[in-house]
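The working numbering puts the sequence shown at residues 1 to 260. Where a beta carbon is used, it is the ideal one built from N, C-alpha and C, also for glycine. Owing to the predicted nature of the structure, the values given are computational and were not obtained by experimental measurement. First comes the structure, then the notes that go with it.
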Amino acid sequence: MKADLFDQRRLLELQAVDTQLTQLGQRRKKLDADPAYATAVQRQRALADKAANLTGDLADLDRDIERVEREVELVTKRADADRARMASGSATAKELEGLQSELESLARRQGSLEDDELELMERREGLEAELNETRRQVEESRQVLADAEADRGRQLGVIETETADATSTREALAINIPDRLVELYERIHAKQPIAAAELVGRRCGSCRIEKSPADMIPIKSAPIDEVIRCEECNCILIRTELPQSKPTTLPSEDELKKYT
């Protein structure tokens, strides 16, 4: 393939933009996989789940306490009724004996219930303290996550802006390069990140392999508009150093006389 050397050199600009786009894509992936952000998300979720579980446990405890309090109230009412019956003087001796026995049993039951209630209240106090601390941590982690998301948003904004600018620049460059040359570049670029590289001295700018003097003979002898490929990495080699022209020989005095 042949193409104007100036057009070939424009491929280096296109390659530079593509390299920039590749780097921007890598920055985007790195940002998506940022361990600090992922840790902040996981911590916030874990603390929120813990707070929800503690809230549920506290509600269960409140129901247990309420149940015990109702039982205490029932026992107290029953004991008050028994005492009132005993104080009324209408009960027989056998009934009084039964009432006294029931009062003792009710007293034991009330004591047991009050012990249960005290234990539940102590558990509730500890659970409530843990829930309050967890809620404080939830708010703290939410702020940390909000800051991380804001920072991530700013970085994403920069990446998107730079990507849009680079894409626009790429489109403008590609329009000004012959279609056949661009198509060749695109076919190579689809298979490897570097499709065009500068030939610096004897070294390929892509694979960095230095060519032997023998390898350089056909490159140097190729027409200036010949599109050359690197045999090692297959990229388009762009010659930026113009071949040296032969020194101009001034005509001798005898030769000049021929024209006088």
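I need the straight-line Cα distance from residue i to residue j, nearest angstrom please.
{"i": "Ala16", "j": "Ala46", "result": "44 Å"}
{"i": "Leu173", "j": "Ala150", "result": "35 Å"}
{"i": "Ala222", "j": "Arg187", "result": "23 Å"}
{"i": "Met216", "j": "Glu198", "result": "14 Å"}
{"i": "Arg123", "j": "Glu114", "result": "14 Å"}
{"i": "Ala195", "j": "Leu14", "result": "10 Å"}
{"i": "Arg136", "j": "Gln155", "result": "29 Å"}
{"i": "Met121", "j": "Arg67", "result": "13 Å"}
{"i": "Leu24", "j": "Thr169", "result": "14 Å"}
Have a look at the options and flag the residue whose alpha-carbon is nearest the alpha-carbon of residue i.
{"i": "Arg28", "options": "Arg152, Gln42 and Ile177", "result": "Arg152"}
{"i": "Leu106", "options": "Arg135, Thr76, Glu122 and Leu131", "result": "Thr76"}
{"i": "Ala36", "options": "Ala148, Arg208 and Asp18", "result": "Ala148"}
{"i": "Arg70", "options": "Asp116, Thr92, Gln100 and Ile209", "result": "Asp116"}
{"i": "Gly201", "options": "Lys211, Gln192, Ala195 and Pro193", "result": "Lys211"}
{"i": "Glu130", "options": "Gly25, Leu103, Asp57 and Cys230", "result": "Asp57"}
Please classify residue i as buried or exposed, where buried requires at least 16 neighbouring CB atoms within 10 angstroms.
{"i": "Gly205", "result": "buried"}
{"i": "Asp179", "result": "exposed"}
{"i": "Gly157", "result": "exposed"}
Output needed for residue i: all residues of its chain with C-beta closer than 8 Å, excluding positions within five of it in sequence on either side, in chain order.
{"i": "Leu181", "result": "Met1, Ala3, Asp7, Gln8, Leu11 and Val227"}
{"i": "Ala261", "result": "This structure cannot speak to residue 261, because the chain is shown only from 1 to 260."}
{"i": "Leu184", "result": "Met1, Val227 and Ile236"}
Spatial neighbours of residue i within its chain, please: CB distance less than 7 Å, with the 5 preceding and 5 following residues excluded, ordered by chain position.
{"i": "Leu99", "result": "Asp82, Arg85, Met86 and Ala91"}
Below 6 Å CB to CB, which residues in the same chain sit around residue i once its five sequence neighbours on both sides are set aside?
{"i": "Phe232", "result": "The sequence as given places Glu at residue 232; Phe does not occur at that position. Same-chain partners within the cutoff: Cys207 and Ile209."}
Is residue i near the ligand NAP - that is, is its Cβ less than 7 Å away from at least one heavy atom of it?
{"i": "Glu149", "result": "No copy of the ligand NAP occurs in the structure displayed, which carries no ligand at all."}
Practice task
Would you list, in sequence order, the uninterrupted alpha helix (DSSP H) runs of no fewer than 4 residues that lie entirely inside the stretch 194–222?
Solution key: Those alpha helix (DSSP H) runs which fall completely within the stretch 194–222 and span 4+ residues are 213–221.
Problem - Uninterrupted alpha helix (DSSP H) stretches inside the stretch 50–135 (no shorter than 4 residues) - result: Whole alpha helix (DSSP H) segments, 4+ residues: zero.
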